[in-house]
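J.: Quick one: the structure is below, and I'll ask about it shortly.
4 protein chains.
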Amino acid sequence: MSHRAHETTLRVRYAETDRMGVVYYANYQVWFEVGRNELMRAAGYPYTRLETAGVSLPITSGEYRLVAPARYDDEIRVVTRILEVKTRRVVFGYEVRRGDELLATGSTTHVPVAPDGRVVTLPPEARAALSSFAVPR
Amino acid sequence: MSHRAHETTLRVRYAETDRMGVVYYANYQVWFEVGRNELMRAAGYPYTRLETAGVSLPITSGEYRLVAPARYDDEIRVVTRILEVKTRRVVFGYEVRRGDELLATGSTTHVPVAPDGRVVTLPPEARAALSSFAVPR
Amino acid sequence: MSHRAHETTLRVRYAETDRMGVVYYANYQVWFEVGRNELMRAAGYPYTRLETAGVSLPITSGEYRLVAPARYDDEIRVVTRILEVKTRRVVFGYEVRRGDELLATGSTTHVPVAPDGRVVTLPPEARAALSSFAVPR
Amino acid sequence: MSHRAHETTLRVRYAETDRMGVVYYANYQVWFEVGRNELMRAAGYPYTRLETAGVSLPITSGEYRLVAPARYDDEIRVVTRILEVKTRRVVFGYEVRRGDELLATGSTTHVPVAPDGRVVTLPPEARAALSSFAVPR
Chain B
42 MSHRAHETTL RVRYAETDRM GVVYYANYQV WFEVGRNELM RAAGYPYTRL ETAGVSLPIT
102 SGEYRLVAPA RYDDEIRVVT RILEVKTRRV VFGYEVRRGD ELLATGSTTH VPVAPDGRVV
162 TLPPEARAAL SSFAVPR
Chain G
42 MSHRAHETTL RVRYAETDRM GVVYYANYQV WFEVGRNELM RAAGYPYTRL ETAGVSLPIT
102 SGEYRLVAPA RYDDEIRVVT RILEVKTRRV VFGYEVRRGD ELLATGSTTH VPVAPDGRVV
162 TLPPEARAAL SSFAVPR
Chain D
42 MSHRAHETTL RVRYAETDRM GVVYYANYQV WFEVGRNELM RAAGYPYTRL ETAGVSLPIT
102 SGEYRLVAPA RYDDEIRVVT RILEVKTRRV VFGYEVRRGD ELLATGSTTH VPVAPDGRVV
162 TLPPEARAAL SSFAVPR
Chain P
42 MSHRAHETTL RVRYAETDRM GVVYYANYQV WFEVGRNELM RAAGYPYTRL ETAGVSLPIT
102 SGEYRLVAPA RYDDEIRVVT RILEVKTRRV VFGYEVRRGD ELLATGSTTH VPVAPDGRVV
162 TLPPEARAAL SSFAVPR
């Protein structure tokens, strides 16, 4: 991925581990959420503002690869990019790293919907803000 | 506790364990929720019906004791009782068991609120239904 | 998918919802775990037995599609299939349904590893048990 | 509580909310874990070091009060104190605040155990480090 990247860090919680001694796989999805949430804030259009505008961005599909396990108390870097922004579709990409070591990658595809579940177009301001991150570089 | 008891069973999920090899302590609160949810259904007044009536029952306080650890794949019995039902207050009590072995106990205190957060009185039908479980025996 | 299917049911927990009023997307991964866990039990080789044999089956990759939202208190059917069993690789496929309505699909790819993280071959008995589910029909 | 306090901050995740639109009650227990984890690091004896020494600190009991709801994307302060340190018992106390507003309080009682589950004494170094936080002031 050569798109502009946003990075946020988090500390692995005991709650996030499982009896294999590593982070339970579903929790990478939660970290992806933290990544895209912080990217949107950094882009000047926080997700809360989108919700206030009556639009949410539920996930319609996703995929992930788990390369090496994260462990309790690790300091984790979540590197998030916007791979695509269209009026009715946003794709985020993620890398999870411990220092330079790659632990996981993934992407999620989102569709803007109104409170009644109908697909709508992304508000122009949201689209402009997210597009600033979608420029390949 | 000598009140009428409702029992539901569940299977411990891998997601619920932590790297100590046992169930992470916050998950007992989730099991308590499963217990009171199923008790309300058994009492003929499911929690969804309360929400449809515009009332929710958030928790204002709780306590718990963890006696012995639950483990992955254990079959768990959640025994739930209603310890108190008043117009503006409901108290649930819980026992978590593996077979006859006691693993945990706890209680949660709830207050009926409207969507705006204001404390309201419990709908009379809900109170009647829950009271059927609150009779000491 | 035309493989032999195993089905298990679960009730959506309040804990599994988010403020959009629907099930938080990471929880489908937890339900997938419930599905494969119950499939392995039904196949006569529970996951606990695999761990006792010193082998675990961590996930190396996965993908999912979310078609329609699951909601609090829904009764959910998790339909699980084994799409592939090789000595060093197992692929599970999932459908999540509410009645007949399809809510989500997904798959997870697993690799057998020793406690030290080294990739090993699946114990022959486990492979035989899982293969009984991997027959197309 | 007049004991020395340690403070850590966190941002409410979407995953932590429920369909009532507020943080699901079990997640306060997870935040308490974050608080005591960071307190131990600040005290110079991280929890990971305790585990390396073969000792874990499972919770034997706890209680909490929920005063006002935390919401998605809130910046939360977790204020943690050590209320008691004995050779076979540690008690942590917590306050959860949004700015100055008190959202929740709680405490957890822990007992040091060996990997086989036997109660042991807290390693002297751990006790000394934690005691530095247990001084009333």
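Residue numbers (this note's numbering), protein chains in the order written: chain B, 42 to 178; chain G, 42 to 178; chain D, 42 to 178; chain P, 42 to 178. C-beta: ideal position from N, C-alpha, C; glycine also.
For Thr101(D), which residues in chain B fall below 9 Å Cβ to Cβ?
T.: Residue 101(D) sits at position 60 when you count from the first residue of the third sequence. What Thr101(D) touches in chain B: Arg106, Leu107, Val108.
J.: Would you decide whether Leu143(G) is buried or exposed? Buried here means 16 or more other CB atoms lie within 10 Å of its CB.
T.: Taking the first residue of the second sequence as position 1, residue 143(G) is located at position 102. Looking at its Cβ environment, which holds fewer than 16 other Cβ atoms inside 10 Å, Leu143(G) is exposed.
J.: Can you check which of these residues, Glu104(B), Asp114(B), Thr128(B), Ser97(B), is closest to Val64(B) by C-alpha distance?
T.: The residue given as residue 64(B) occupies position 23 in the first sequence. The candidate whose alpha carbon is nearest that of Val64(B) is Asp114(B).
J.: Give a yes or no on whether 7 Å exceeds the smallest Cβ distance from Asp157(G) to chain D.
T.: If you number the second sequence from 1, residue 157(G) lands on position 116. No, because no Cβ of chain D sits closer than 7 Å to the Cβ of Asp157(G).
J.: Quick test of the definition: if touching needs 3 or more C-beta pairs under 8 Å, does the region 155 to 173 of chain B touch the region 149 to 165 of chain G?
T.: No, because fewer than three Cβ pairs between the region 155 to 173 of chain B and the region 149 to 165 of chain G fall closer than 8 Å, the two stretches do not touch.
J.: Among the residues of its own chain, which have a CB less than 8 Å from the CB of Pro99(D), if the five just before and after it don't count?
T.: The residue given as residue 99(D) occupies position 58 in the third sequence. So the qualifying residues of the chain are His151, Val152, Val154.
J.: Beta carbon of Glu104(B), beta carbon of Glu104(D): below 7 Å?
T.: Counting from one through the first sequence, the residue named residue 104(B) turns up at place 63. Counting from one through the third sequence, the residue named residue 104(D) turns up at place 63. Their beta carbons are under 7 Å apart, which means Glu104(B) touches Glu104(D) by this criterion.
J.: Whose CA, out of Pro110(P), Ile123(P), Val120(P), lies closest to the CA of Gly62(P)?
T.: As a position in the fourth sequence, residue 62(P) is number 21, starting the count at 1. Of Pro110(P), Ile123(P), Val120(P), the residue nearest in Cα terms is Pro110(P).
J.: So, do the region 125 to 139 of chain G and the region 75 to 82 of chain G have three or more beta carbon pairs nearer to each other than 8 Å?
T.: Yes: at least three Cβ pairs fall under 8 Å.
J.: If you drop the 5 nearest sequence neighbours on each side, which residues of the same chain put their C-beta closer than 6 Å to that of Ala175(G)?
T.: Indexing the second sequence from 1 puts residue 175(G) at position 134. Closer than 6 Å at Cβ, skipping near neighbours: Ile123, Val126.
J.: Please decide whether Val96(D) counts as near chain B, where near means a Cβ-Cβ distance under 7 Å.
T.: Translated into the one-based positions of the third sequence, residue 96(D) becomes position 55. It does not; no Cβ of chain B falls within 7 Å.
J.: Return the bridge partner residues of Gly147(D) from the DSSP annotation.
T.: Counted from its first residue, the third sequence places residue 147(D) at position 106. Beta-bridge pairing links Gly147(D) to Tyr105(D), Tyr135(D).
J.: Evaluate Val166(B) with the Cβ neighbour count: other Cβ atoms within 10 Å of its Cβ, from every protein chain shown; 16 or more gives buried, anything less gives exposed.
T.: Translated into the one-based positions of the first sequence, residue 166(B) becomes position 125. The sequence given here places Glu at residue 166(B); Val does not occur at that position. Answer is exposed; the Cβ neighbour count stays below 16.
J.: Classify Arg54(P) as buried or exposed, calling it buried when 16 or more other Cβ atoms lie within 10 Å of its own Cβ.
T.: Within the fourth sequence, numbered from 1, the residue matching residue 54(P) stands at position 13. With 16 or more Cβ atoms within 10 Å of its Cβ, Arg54(P) is classed as buried.
J.: With 8 Å as the limit, tell me which residues of the region 138 to 166 of chain P have their beta carbon closer than that to any beta carbon of chain B; keep them in chain order.
T.: From the region 138 to 166 of chain P, no residue has a Cβ closer than 8 Å to chain B.
J.: Report the CB separation of Val75(D) from Val119(D) in whole angstroms; it is logged as a contact under 8 Å.
T.: Position 34 of the third sequence, counting from 1, holds the residue named residue 75(D). Position 78 of the third sequence, counting from 1, holds the residue named residue 119(D). Correct: roughly 6 Å between the Cβ atoms.
J.: Cβ of Ala170(D) within 7 Å of Cβ of Tyr86(D)?
T.: Locating residue 170(D) in the third sequence gives position 129, where the first residue counts as 1. Locating residue 86(D) in the third sequence gives position 45, where the first residue counts as 1. It is a contact, given that the beta carbons lie within the stated cut-off.
J.: Does the Cβ of Thr146(D) have 16 or more other Cβ atoms within 10 Å, making it buried, or fewer, making it exposed?
T.: Translated into the one-based positions of the third sequence, residue 146(D) becomes position 105. The residue is buried, with at least 16 neighbouring Cβ atoms inside 10 Å.
J.: Between which residues of its own chain and Ser102(P) is the CB-CB distance below 6 Å, once the five residues before and five after are set aside?
T.: The residue labelled residue 102(P) in the question sits at position 61 within the fourth sequence. Here the set comprises Thr150.
J.: Short of 7 Å Cβ to Cβ, which residues in the region 49 to 70 of chain B face chain G?
T.: Within the region 49 to 70 of chain B, the qualifying residues are Tyr55, Ala56, Thr58, Asp59, Arg60, Gly62, Tyr65, Ala67.
J.: Indicate whether at least one CB of chain G lies closer than 7 Å to the CB of Val114(D).
T.: For this step, residue 114(D) is matched to residue 73 along the third sequence. Residue identity check: residue 114(D) is Asp in the sequence provided, not Val. So, interface residue.
J.: Please report the Cβ distance between Gly59(B) and Asp59(G), rounded to the nearest whole angstrom; I am assuming they are in contact, meaning their Cβ atoms lie under 8 Å.
T.: For the purposes of this step, residue 59(B) is identified with residue 18 of the first sequence, where counting begins at 1. For the purposes of this step, residue 59(G) is identified with residue 18 of the second sequence, where counting begins at 1. At residue 59(B) the sequence reads Asp, which differs from the Gly that was named. The Cβ separation is near 7 Å, so the contact holds.
J.: For Ala117(D) and Leu51(G), I'd like the C-alpha separation in whole angstroms.
T.: Working through the third sequence from its first residue, we reach residue 117(D) at position 76. Working through the second sequence from its first residue, we reach residue 51(G) at position 10. A small correction: the amino acid at residue 117(D) is Ile; Ala does not occupy that position in the sequence shown. Those two C-alpha atoms are separated by around 15 Å.
J.: Grab the span of the alpha helix (DSSP H) containing Thr93(D) for me, first residue to last.
T.: Working through the third sequence from its first residue, we reach residue 93(D) at position 52. Thr93(D) -> alpha helix (DSSP H) spans 88 to 93.
J.: Taking all protein chains shown into account, decide if Ala49(P) is buried (16 or more other Cβ within 10 angstroms of its Cβ) or exposed.
T.: By one-based count along the fourth sequence, residue 49(P) stands at place 8. Going by the sequence as given, residue 49(P) is Thr instead of Ala. So Thr49(P) ends up on the buried side.
J.: By the criterion of Cβ-Cβ separation under 8 Å, what are the contact partners of Thr89(G) in chain D?
T.: Start at 1 with the first residue of the second sequence, and residue 89(G) comes out as number 48. What Thr89(G) touches in chain D: Tyr113, Asp114.
J.: Between the alpha carbons of Ala46(G) and Gly95(G), how many angstroms are there, rounded?
T.: Here residue 46(G) is taken as the residue at index 5 of the second sequence, counted from 1. Here residue 95(G) is taken as the residue at index 54 of the second sequence, counted from 1. Rounded to whole angstroms, Ala46(G) to Gly95(G) spans 27 Å at the Cα level.
J.: Would Ala67(P) pass as a contact of Ser173(P) if the rule is Cβ separation under 7 Å?
T.: By 1-based counting over the fourth sequence, the position of residue 67(P) is 26. By 1-based counting over the fourth sequence, the position of residue 173(P) is 132. Their beta carbons are not under 7 Å apart, which means Ala67(P) does not touch Ser173(P) by this criterion.
J.: Return helix, strand or coil for Val75(G), following the three-state DSSP convention.
T.: Translated into positions along the second sequence, residue 75(G) becomes position 34. Of the three classes helix, strand and coil, the one that applies to Val75(G) here is helix, per DSSP.
J.: With 16 as the cutoff for other CB atoms within 10 Å, does Arg138(D) come out buried or exposed?
T.: By 1-based counting over the third sequence, the position of residue 138(D) is 97. Buried, since its Cβ has 16 or more Cβ neighbours within 10 Å.
J.: Val75(D) touches chain G at which residues, Cβ-Cβ below 7 Å?
T.: As a position in the third sequence, residue 75(D) is number 34, starting the count at 1. Neighbours of Val75(D) on chain G, chain order: Arg54.
J.: So, is Thr162(B) buried or exposed, given that buried needs 16 or more other C-beta atoms within 10 angstroms?
T.: In the first sequence, the residue the question calls residue 162(B) occupies position 121. By the 10 Å Cβ count, Thr162(B) comes out exposed.
J.: Can you tell which of Arg90(G), Phe73(G), Arg106(G), His44(G) has the C-alpha that lies nearest to the C-alpha of Pro164(G)?
T.: Residue numbering aside, residue 164(G) sits at position 123 when the second sequence is read from its first letter. Out of Arg90(G), Phe73(G), Arg106(G), His44(G), Arg90(G) has the C-alpha closest to the C-alpha of Pro164(G).
J.: According to DSSP, simplified to helix, strand and coil, what is Leu17(G)?
T.: Since the displayed chain G opens at 42 and closes at 178, residue 17(G) lies outside it and no answer follows.
J.: Please classify Arg168(D): does DSSP put it in a helix, a strand, or coil?
T.: Position 127 of the third sequence holds residue 168(D). Helix, per DSSP.
J.: From Arg168(P) to Arg112(G), what distance separates their C-alpha atoms?
T.: Position 127 of the fourth sequence holds residue 168(P). Position 71 of the second sequence holds residue 112(G). Those two C-alpha atoms are separated by around 29 Å.
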